[in-house]
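Chains as they are written, first to last, in our numbering: chain L, 401 to 1046; chain W, 401 to 1046.
Every residue, glycine too, gets a C-beta built ideally from N, C-alpha and C.
Here is the structure we will look at.
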């Protein structure tokens, strides 16, 4: 195994990643968690992804001068979608080059003082360029108001509530709930009528001692079937404070939604168990976020959750049994209003929980959140949104309408059901290139511990390209592979018990001291996931009478890794045969949508409208889907979009 | 004691009362709980109080023919405000003669089938004459909808909530609370998607098996310092189902609000104790109403409560301590939204509790309810509203503005602090006439057991008239009384230990076998209550630069008895010296207002507007009030409105 990697440092965050030679800069940035803007699809035309190379060698690509102009090129600016890494680099990322929902990452890392020009502030746009689609006002459901009230007197004997209400105008609140009403007279008098009123979603929930207006946080949680991702957000500045991910502990009861539903149907205590473990995991995420950020959990006032219908119902403690049989009916589609106490979430006891509205069947809040994040609802062109997860969701926007479906992809792309599979965390092989031998990129630049989704796609695509894997998904024996196959690769084919496995890393190279193998069975698992997504896309296109080339763009979302190579995704048939520049990677869209809802009540309203507007398509009984699935189980004979590199 | 009484039966209720000769029919009706309309103040001019004498002798009064016309007089119609009782009577009460809020009493008693012309029904006016001030739409916060839903199918896989939401259109509900959301899938499927959706105040709270739409009840509770009155209402028809009254058990901790507040301030468990006993008493009232009406308490979905600020805060479990010291600050003025479970009220566990909004200081929800009931907020003339209770409230409407104050009257008019005092229930002496000897009317036509508020006022007024009581409130000795005093009355004066008591009933005449006495001390207690109300009225009039004769009307409310003689109330100085025809008795206005709020959400909105509009006047530190109070401790020398009989 040849490992020659370069270190790329990104300013102002200071994040560092290691990348293989010839990796494009856009990809290295994504690996560092920085999703760049690519409205032209990475064709090197729009110049939106420009980065400034501060140190290290990075010659300008052919498109660089036409897109950026001589002056910028001279200053070190490069097109991230075109520039290939040839050595260690230090790169500066302009805020305007980031994908809109991500811009705060930079602001935070730069540790700007509050109120600085680049920090978000209430009523100000997050974007430097007004009118851009990603622009949003910072308008969370929580507001805090420090007040020093006039003391009651004979001339002013207003009630406690009225005194407070008048003081925080023009903000208002609903009739005060009985819990706080009982506490309020004592709080006001003990604090000398001085303190911070906390209003959450129109409810006055607390009157804290002193001025705590700067301590106002929320958490956005992407509730995946396999993975939970929580992001702590400062609701005063709009900035990310930290991210924590965890395996959904429900996986021990089965790794897809069907298994979880079965548990609820067959075991009287199943629902309670599943709910308890997932709430426990979310509380662990809260613990870790609180500890890392050094904040008080009482200052977290809202949790926004987005997941598929099964996950959302289980989180809420609502029996998902009806999702386990035809016609797959969810209990709710509009967003329920919950208190943190209803779910035993360990934030402020009067905090709120917003669960995303749902579309229907298995298409739940995560898809709505993804549409919010990608602005698919405002799309005028024909655009496909694909969220790859254990439950794969596909939305087609065409002529101002949206149709959506879900497919049971299984957790292969999230690293589960794959013998050496793992999440895209430190130690995961996230990129594989086969060039004489196998070169790999490992997250954290450590020894490899396993294979994550993007590494899996790379490996399979490369094996297909080299003819080591045949289109049926069978790993060929050393005797069967093309004669051009490099010896080093040929040696990686290990025949045992009538089938062949592929050696990714020798036992001397790994963390565990055991070899890492891509087994024939792993390939079969991956084929199932691949075929499910692929068939879902085909059917939606067919329903609208569209061909792949009618798609202006494909938005690729998923929590399965930092980045997947678009040409590889297309090579294995996961994505339709269209030019790579029409394929956009938009990161964990569900998580981004949840963050947006936390940052603005307008986004929650948008989510409600989206949930009502999208038409749900149930493919479960569709014979067309069965046919499409069967044919998608075969990999394409050749790369359907050859010549277009991403 | 001479007791010659006539039996008066009222149709269609069948209610019977016993009345002394010469009692006016209006008064006998009030004693039967039937408050008649008297827009002309009982001057015999408007004809609104007309009743039909079905059997018995009742010659027409002088005003009868001009007001009612020859035909009606020939048919037996009489003016209730003029006709004097001279023998047993059976009288029919037309719906239109009843005080607006009372009209349902008749409808109920007549046991009309639902939908009959005289029964209230949703969207129909309670009044036969559209446009009258008392008119209201039946529009409670609760609605029930029986639905037979389409079963889910592949063609119609809407969520459970959406299925239900669409079925009950145009009624809608808020996002479903987590409790019902967890129950709903099971309820729907167990009941075969058939049942009754219950919506309370916009919240879907239940999906009951079968069609229960006709079982929909609420309870209006007048939460007095001394007395609790609960009325069960059928929210489908608007009809009363029963009334239960109880002594407020908090009286064992002190008989006025100051004593209750002191208990909360001085005893850490005081508030919890006071709340527990009053909630216990309300639950007993609920029990009795449920038992008497033979209904299921799960079908009671709302309790509306009206009380003064101290009572309302204690009921809610909110510390009233700040009401115990200057500047007497209540915790809330706008109506809090509560669930029955918050207060451990034993109705439907998802039922709601509406607590009336408050004005300020001690002027609470009972006054707002009284204004709702009397429509004082729509008044264009100068009108005084006086609610006589342990906490006396006075509201002056003048030039479209309202000012309000409260006075600590003490519980004398409710029968407490009076040696033989009792509530206006069976056995209470409710009317006293001194005419050679003492004649009395006892509620239930039983032997006397005690003296209620109206009997107390009668007794004192008569003793004053005859010179047996001097204007300072001292009972004269047999030697000091005027020489014209009848021997029988003179014999009732019992000298002991330097003071004189007045014998109301000899021990042989009473229930207990003990004599009933009005003691000198009882008169002093009554003077305090009387002077407090009287002084409060004087000050409000002074503040607006008004004289008593500027008052177009005085609305007299109170739970202290069925009826008080207006001339007697005026004689003792309780009411200002104005002609009796300007004094209107409006019954337990607080209870009526609470019933209205139960029957219509519009009345709740009106209550909120009233609470904001009324200006609160704090008399506690007013030297003018102290002066007015001192002079009101002296009874008027002579009847200030002599010649005007009510």
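For residue i, collect the residues of the same chain with a Cβ closer than 7 Å to its Cβ; drop the 5 residues on either side in sequence, then sort them by chain order.
i                      : result
residue 826 of chain L : 843, 844 and 846
Kindly list, in the order they appear in chain L, the residues whose Cβ is closer than 7 Å to that of residue i.
i                      : result
residue 737 of chain W : 575
residue 765 of chain W : Result: empty, since nearest Cβ-Cβ is about 12 Å, beyond 7 Å.
residue 722 of chain W : 585
Measure the C-alpha to C-alpha separation of residue i and residue j and round it to an integer number of angstroms.
i                       : j                       : result
residue 745 of chain W  : residue 644 of chain W  : 16 Å
residue 467 of chain W  : residue 446 of chain W  : 6 Å
residue 850 of chain W  : residue 1034 of chain W : 26 Å
residue 738 of chain L  : residue 577 of chain W  : 7 Å
residue 917 of chain W  : residue 705 of chain W  : 36 Å
residue 832 of chain L  : residue 993 of chain L  : 30 Å
residue 686 of chain L  : residue 729 of chain W  : 40 Å
residue 639 of chain W  : residue 633 of chain W  : 6 Å
residue 925 of chain L  : residue 828 of chain L  : 19 Å
residue 853 of chain W  : residue 938 of chain W  : 22 Å
residue 1027 of chain L : residue 824 of chain L  : 33 Å
residue 805 of chain L  : residue 711 of chain L  : 16 Å
residue 433 of chain W  : residue 673 of chain W  : 34 Å
residue 697 of chain W  : residue 864 of chain W  : 50 Å
residue 990 of chain W  : residue 629 of chain W  : 10 Å
residue 544 of chain W  : residue 774 of chain W  : 30 Å
residue 973 of chain W  : residue 409 of chain W  : 34 Å
residue 622 of chain L  : residue 885 of chain L  : 43 Å
Residues of chain W with CB under 7 Å from residue i, in chain order?
i                       : result
residue 940 of chain L  : Ordered by position in chain W, no residue passes the 7 Å Cβ test against residue 940 of chain L, which lies about 17 Å from the chain.
residue 730 of chain L  : 559
residue 1007 of chain L : Under the 7 Å cutoff, chain W gives no residues; its nearest Cβ is about 13 Å from residue 1007 of chain L.
Excluding the 5 residues preceding and the 5 following residue i in the sequence, name in chain order all residues of the same chain whose CB lies nearer than 6 Å to its CB.
i                       : result
residue 683 of chain L  : 746
residue 427 of chain W  : 963
residue 1018 of chain L : 761
residue 521 of chain L  : Confidence at residue 521 of chain L is low in this model, with a pLDDT of 32, below 50, so its placement is unreliable and the value that follows should be read with caution. There are no such residues.
List, in order along the chain, the chain W residues whose C-beta lies closer than 9 Å to that of residue i?
i                       : result
residue 1021 of chain L : 554
Since I believe residue j is in contact with residue i (beta carbons under 8 Å), could you give me their beta-carbon distance rounded to a whole number of angstroms?
i                      : j                      : result
residue 978 of chain W : residue 951 of chain W : 6 Å
residue 954 of chain L : residue 982 of chain L : 6 Å
residue 463 of chain L : residue 479 of chain L : 6 Å
residue 557 of chain W : residue 948 of chain L : Not quite, the Cβ-Cβ distance comes to about 29 Å (not below 8 Å), so this is no contact.
residue 987 of chain L : residue 957 of chain L : 7 Å
residue 789 of chain W : residue 814 of chain W : 7 Å
residue 425 of chain L : residue 485 of chain L : 6 Å
residue 489 of chain L : residue 841 of chain L : Contact flag wrong, Cβ pair sits at about 15 Å.
residue 740 of chain L : residue 703 of chain L : 7 Å
residue 901 of chain W : residue 919 of chain W : 5 Å
residue 681 of chain L : residue 648 of chain L : 7 Å
Who are the near neighbours of residue i in its chain, counting only those whose CB is closer than 8 Å to its CB and skipping five residues on each side?
i                      : result
residue 654 of chain W : 660, 662 and 663
residue 579 of chain L : 750
Which residues of chain W have a Cβ atom closer than 8 Å to the Cβ of residue i, listed in chain order?
i                      : result
residue 726 of chain L : 554
residue 760 of chain L : 557, 558 and 559
List, in chain order, every chain L residue whose beta-carbon is nearer than 8 Å to that of residue i.
i                      : result
residue 733 of chain W : 558, 559, 561 and 562
residue 716 of chain W : 578, 581 and 582
#### Entry: Start-end ranges of the beta strand (DSSP E) lying completely within the region 538-586 of chain L, minimum 3 residues
542-548
### Query
What are the complete alpha helix (DSSP H) segments, minimum 4 residues, inside the region 983-1007 of chain W?
989-999
### Query
Residue ranges of each alpha helix (DSSP H) run of no fewer than 4 residues wholly in the region 589-658 of chain L, ordered along the chain?
none
### Task
Jot down the residue ranges of each uninterrupted beta strand (DSSP E) in the region 887-942 of chain W, minimum 3 residues, whole runs only, in chain order.
893-896, 899-905 and 916-918
### Near-chain A residues of the region 956-980 of chain W - C-beta to any C-beta below 8 Å
Absent from the structure is chain A; the protein chains it does hold are L and W.
#### Entry: Entirely enclosed beta strand (DSSP E) segments - the region 722-781 of chain L, minimum 3 residues
737-739 and 752-755
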